[in-house]
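Take a look at the structure below.
Number of protein chains: 2
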Amino acid sequence: MATFSVPDQVPPVAEDCEKLRKAMQGLGTDEKAIISILAHRTARQRCSIRQIYVEKYGEDLFKELEKELSGDFLRAVLVWMPHPAERDAMLAKEATTSPKKSLEDYFVIMEIGCTRTSQELFQARQDYHDRYKRSLEEDVACCTSGDFRKLLVPLVTCYRYEPHDEALVDTALVNSEAKILHDKIFSDKDYSHEEIIRILTTRSKPHLRATLQNYNEQFGHPINKDLKTKPKDEYLALLRATIKCLTCPEKHFEKALRLSMKGLGTKEETLTRVVVTRAEVDMKPIMEQYQRKNNVPLVNDTKGDTSGDYLRMLLALIN
Amino acid sequence: MATFSVPDQVPPVAEDCEKLRKAMQGLGTDEKAIISILAHRTARQRCSIRQIYVEKYGEDLFKELEKELSGDFLRAVLVWMPHPAERDAMLAKEATTSPKKSLEDYFVIMEIGCTRTSQELFQARQDYHDRYKRSLEEDVACCTSGDFRKLLVPLVTCYRYEPHDEALVDTALVNSEAKILHDKIFSDKDYSHEEIIRILTTRSKPHLRATLQNYNEQFGHPINKDLKTKPKDEYLALLRATIKCLTCPEKHFEKALRLSMKGLGTKEETLTRVVVTRAEVDMKPIMEQYQRKNNVPLVNDTKGDTSGDYLRMLLALIN
Numbered sequence: 094m095a096t097f098s099v100p101d102q103v104p105p106v107a108e109d110c111e112k113l114r115k116a117m118q119g120l121g122t123d124e125k126a127i128i129s130i131l132a133h134r135t136a137r138q139r140c141s142i143r144q145i146y147v148e149k150y151g152e153d154l155f156k157e158l159e160k161e162l163s164g165d166f167l168r169a170v171l172v173w174m175p176h177p178a179e180r181d182a183m184l185a186k187e188a189t190t191s192p193k194k195s196l197e198d199y200f201v202i203m204e205i206g207c208t209r210t211s212q213e214l215f216q217a218r219q220d221y222h223d224r225y226k227r228s229l230e231e232d233v234a235c236c237t238s239g240d241f242r243k244l245l246v247p248l249v250t251c252y253r254y255e256p257h258d259e260a261l262v263d264t265a266l267v268n269s270e271a272k273i274l275h276d277k278i279f280s281d282k283d284y285s286h287e288e289i290i291r292i293l294t295t296r297s298k299p300h301l302r303a304t305l306q307n308y309n310e311q312f313g314h315p316i317n318k319d320l321k322t323k324p325k326d327e328y329l330a331l332l333r334a335t336i337k338c339l340t341c342p343e344k345h346f347e348k349a350l351r352l353s354m355k356g357l358g359t360k361e362e363t364l365t366r367v368v369v370t371r372a373e374v375d376m377k378p379i380m381e382q383y384q385r386k387n388n389v390p391l392v393n394d395t396k397g398d399t400s401g402d403y404l405r406m407l408l409a410l411i412n
Numbered sequence: 094m095a096t097f098s099v100p101d102q103v104p105p106v107a108e109d110c111e112k113l114r115k116a117m118q119g120l121g122t123d124e125k126a127i128i129s130i131l132a133h134r135t136a137r138q139r140c141s142i143r144q145i146y147v148e149k150y151g152e153d154l155f156k157e158l159e160k161e162l163s164g165d166f167l168r169a170v171l172v173w174m175p176h177p178a179e180r181d182a183m184l185a186k187e188a189t190t191s192p193k194k195s196l197e198d199y200f201v202i203m204e205i206g207c208t209r210t211s212q213e214l215f216q217a218r219q220d221y222h223d224r225y226k227r228s229l230e231e232d233v234a235c236c237t238s239g240d241f242r243k244l245l246v247p248l249v250t251c252y253r254y255e256p257h258d259e260a261l262v263d264t265a266l267v268n269s270e271a272k273i274l275h276d277k278i279f280s281d282k283d284y285s286h287e288e289i290i291r292i293l294t295t296r297s298k299p300h301l302r303a304t305l306q307n308y309n310e311q312f313g314h315p316i317n318k319d320l321k322t323k324p325k326d327e328y329l330a331l332l333r334a335t336i337k338c339l340t341c342p343e344k345h346f347e348k349a350l351r352l353s354m355k356g357l358g359t360k361e362e363t364l365t366r367v368v369v370t371r372a373e374v375d376m377k378p379i380m381e382q383y384q385r386k387n388n389v390p391l392v393n394d395t396k397g398d399t400s401g402d403y404l405r406m407l408l409a410l411i412n
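See the structure below:
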């Protein structure tokens, strides 16, 4: 479900490195050449390029790119380049150390906790250790408080079971936990109750999908409708996004993309994050959801909101 | 710091298997032969024996042992045999599914969360997935409530940073977190406050050791003294044991061994668990602590409280 193309015959890594070197040498930079290579290599291939580049030229490719590129284009390239676990560690660190904590920072942390596989999340935690000499949960716990902390810390520390067969979901448990969620959310309006947190942060994704479907069937309305009682409440917004990321991530990412380009101005940080982190994973269903929801292809809106090399980089990843 | 011996020249695995086979064939069982092999092989060697045994004879060694041995001796052998991650998953499952949840069950879970390395704890969580088709935290959260859940779930989900150099501990942070702990524990008597949980479940062990030492120096009394205000409170007992396991595990295990043999009767389950889970790790400092605290060697007390093949198995592991 990836949306970027890799040539059938990928050139040798050394050849990629030579072309990149050439694109950055002398006056000016050949951005198109850079995009034509880097936007069309898998994570593993990009890591090899970085490694061979430093062996060949004694320079870190990332630092070279930083010198040559700028603005949103540079940001997109630098977020795209690393191995996903390394990228997640970097995004999480930015979010946990962001001086004015915003809902967007919480979204970054939540997305890492909810939309990666259990193994990928664990790899990001390992990379976080190696890179920052601290644990991810340590920083998430430190930079949050109250309901946000209650939800985010278990989201980034969980190691969910991933059943091979969704049919194995325990229907009695699904039924009883849908009722618990309804009691706490609809009846008590106790949105950070420990039972809500327990269910959302420990159960497998197939179990959660079945539970929320059961919620809808049993009580006649989707859970996220019951979480819209206070439209401006940021914790509720995070909770709704968490539920989406756990059960239908394409809806969350579609909305993030839509809001990043809505009205005047563009939230490039969000646009870049979503495109870059999902291009190798599930960008196709996200784009389909975008088309359904907005009656316009994501590509068209992207062309309307961005330009230049930044646009070219995004298009290379989603086209 | 292991306390069992492995021969300089370990026989080929096939030879071990033949001897075990012979010890269990026909009428009667040669328990001494079984101990002389299994109690003197590392975890890796024991796993190889199990694997080769099933290849050679088409029978699972564990099931064969179950048929031939009994009582506390059987239990000790069966807990000793598996790879530590597998053993931890099994012990945790027993604790989470124990029908009458006791403080001892919480201790088992807490010990796994606190006295394994970060990687070992993660391996136990992986093994738990493979074996039980659920996550460890899912079961721990389900079988606990209130303060016990608040403490135990983050203890089994954490992936603590393990600094190579203890000198890198941030002394300003140590100082301020010692103060937070003192405020919540000594002043507010709010023993399950989220800040206590955050510090104990996310900080590295060297950081925690420095913090508790600072607590003692700054306020003139050890933290565990301030946690003894309600002698019969089980949550406080768990909290004190958690702190010991995180900062000086030999003290926790010495006490567990002492209490398992104190007075009339023996708590064989505890005795077995401590000896078997620590024999390959840190039994030596635990035995030294036992001698210091009780003025008698652990071996002597073990001889006084147990007998037969069970005693012989324990002695093989701690002698």
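Protein sequences appear in the order of chains R and Y. The first sequence begins at 94 in the numbering used here and counts up by one. The second sequence begins at 94 in the numbering used here and counts up by one. All residues carry an ideal CB built from backbone N, CA and C; glycine is no exception. Bear in mind the structure is a predicted one, so any value in this text is a computation, not a measurement.
R:N393, DSSP secondary structure in three states: helix
Any chain R beta carbon closer than 8 Å to Y:K226: yes
Short CB-CB distance (under 8 Å) between R:K270 and chain Y: Residue identity check: residue 270 of chain R is Glu in the sequence provided, not Lys. Chain Y contact via Cβ: absent.
Rounded C-alpha distance that separates Y:W173 from Y:R180: 8 Å
Short CB-CB distance (under 8 Å) between R:T295 and chain Y: yes
Separation of Y:P324 from Y:E157, as counted between CA atoms: 45 Å
Within-8 Å CB hit, R:R209 to chain Y: no
Cβ of Y:C338 within 8 Å of any chain R Cβ: no
Proximity winner among Y:E362, Y:K318 and Y:I128, relative to Y:G164 (alpha-carbon distances): Y:E362
Pairwise C-alpha distance: R:S280 and R:L320: 12 Å
Residues from the region 299 to 320 of chain Y in contact with chain R, defined by Cβ distance under 7 Å: none
Within 7 Å of chain Y by C-beta, residues of the region 169 to 192 of chain R in sequence order: none
Status (buried if at least 16 other CB within 10 Å, exposed otherwise) for R:A260: exposed
Whole-angstrom C-beta distance between Y:I205 and Y:L244, which should lie under 8 Å: That pair is no contact at about 13 Å.
Proximity of Y:F155 and Y:H133 at Cβ, strictly below 8 Å: no
Rounded Cβ spacing between Y:D394 and Y:E343 (contact assumed at less than 8 Å): Actually they do not touch by this definition, with Cβ atoms about 16 Å apart.
N-terminal and C-terminal residue of the alpha helix (DSSP H) that Y:D223 is part of: S211 to Y225
Contact the region 263 to 273 of chain Y vs the region 233 to 241 of chain Y: 3+ CB pairs below 8 Å: no
Presumed contact (8 Å Cβ cut-off) between Y:T189 and Y:V233, rounded CB distance: 6 Å
Proximity below 8 Å, CB of R:I130 to CB of R:V106: no
Separation of Y:M94 from Y:E381, as counted between CA atoms: 11 Å
Cβ of Y:T264 within 8 Å of any chain R Cβ: no
Short-range partners of chain Y found in the region 211 to 225 of chain R, where Cβ spacing is below 7 Å: F215, R218 and H222
Cβ contact (3+ pairs, closer than 8 Å) linking the region 307 to 321 of chain Y and the region 181 to 201 of chain Y: no
The alpha helix (DSSP H) enclosing Y:C207, as first and last residue numbers: L196 to T208
Contacts around Y:S228, its chain only, beta-carbon distance under 8 Å, and the 5 residues preceding and following it disregarded: R218, Y221 and H222
CB contact flag (Y:C251, R:E230, <8 Å): yes
Supposed contact pair Y:A169 and Y:T294 - C-beta distance, whole angstroms, cut 8 Å: Wrong, their Cβ atoms sit about 31 Å apart, outside the cutoff.
Whole beta strand (DSSP E) elements within the region 236 to 302 of chain R, 3-residue minimum: none
Near-chain R residues of the region 384 to 397 of chain Y - C-beta to any C-beta below 7 Å: none
C-beta neighbour in chain Y for R:Y199, strict 8 Å: no
Boundaries (first-last residue) of the alpha helix (DSSP H) holding R:H345: P342 to M354
Closer than 7 Å at the beta carbon, the chain Y residues around R:A234: R291 and T295
Option nearest R:A372 by Cα separation, candidates R:L329, R:K360 and R:L350: R:L350
Distance, R:K318 Cα to R:Y383 Cα: 21 Å
Alpha-carbon spacing of R:E124 relative to Y:L305, whole angstroms: 55 Å
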